[in-house]
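Heads up: the sequence shown begins at -19 in our numbering, then just goes up one per residue. Here is the structure we will look at.
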Amino acid sequence: MVQSSSASDKPTDNNANSPTLYRGVDLNVQDQLTHLEEVIFEGFQVPLLGLTLVKDDDVLDEIDHVRTSVPEIIERAVEVLQYKQQLLGEAQAYAEEMMAAAERRAAQMLDENILTRQAEQRAAQLRYETEQECQALRQQTLAELEDARQQTFAELEGARQQVTQEMQQLKSQAIAEAQAVQEDADQYAHHLLSTLEGNLRIQLETVQNGLRQIQLPKAGNNNQLTQGQSSHPQSGRRSSQHQRRQPKSR
């Protein structure tokens, strides 16, 4: 006699239909258990006792079928579990390798980003330093140009003043020389004119003496003519006209 149960657990396996792991294995254990359950249910039930009378041969046959199938299934299940564990190990190793590779790649990218940021910072620093150096060089160049311009202007101003001073000196020297030449010329002209004046005075005195000598006889003749004109007015008038015309003929 076998006591019946109101509910039965039915084991399930996700890999029960695997054609590789369960090849050549009787997978009808569930069916066999179902048949065993049917044999029990079909037995004679004893009222009030909760007992069922079944045939021993039928129950034993079904138990034998289950007994022959279960060990091989369990062995296959163990193989499946081992295979699953192997797959899980390989998957875990692959995942760990992928994680390590990802971490290495992330670290590499982080290092590259760090290097990139460092390079960018260094480039920015170099650009800033270059701009500062260029600005300082520009200011220094402008200062040097301004100093050179002021120095050149000072030199030109000094040269201009020197040239102006030299020109003033040359002008003063030329004026002095011109005044000296003018004084020499005046002195020479005064000397010449004085000499000429002396000569002219001598000649004038000579001329005046000659005129005196000429005018003495002429005065006597004039007296005679005056007397003659009084007695002969016509002849005197003609004579005076002749004397007046005579200088024109000269």
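Ideal Cβ positions, reconstructed from N, Cα and C, are used throughout, including at glycine.
Taking a contact as a CB-CB distance under 8 Å, the pair Leu13 and Val46 counts as one, their CB atoms being some 6 Å apart. Glu59 and Glu100 have their C-alpha atoms some 58 Å from each other.
Going by DSSP, Leu29 is part of no beta strand (DSSP E) at all; its letter is neither H nor E.
The C-beta distance from Val26 to Leu16 rounds to 19 Å, too long to fall under 8 Å, and the pair is not in contact. One Cα belongs to Ala81, the other to Ala73, and the distance between them is close to 12 Å.
Taking the CA atoms as reference points, Ala169 sits about 45 Å from Gly138.
Residue burial annotation: Ile20 is buried, with at least 16 other C-beta atoms found within 10 angstroms of its C-beta. Looking at the backbone, the Cα of Glu77 and that of Glu42 are separated by about 50 Å.
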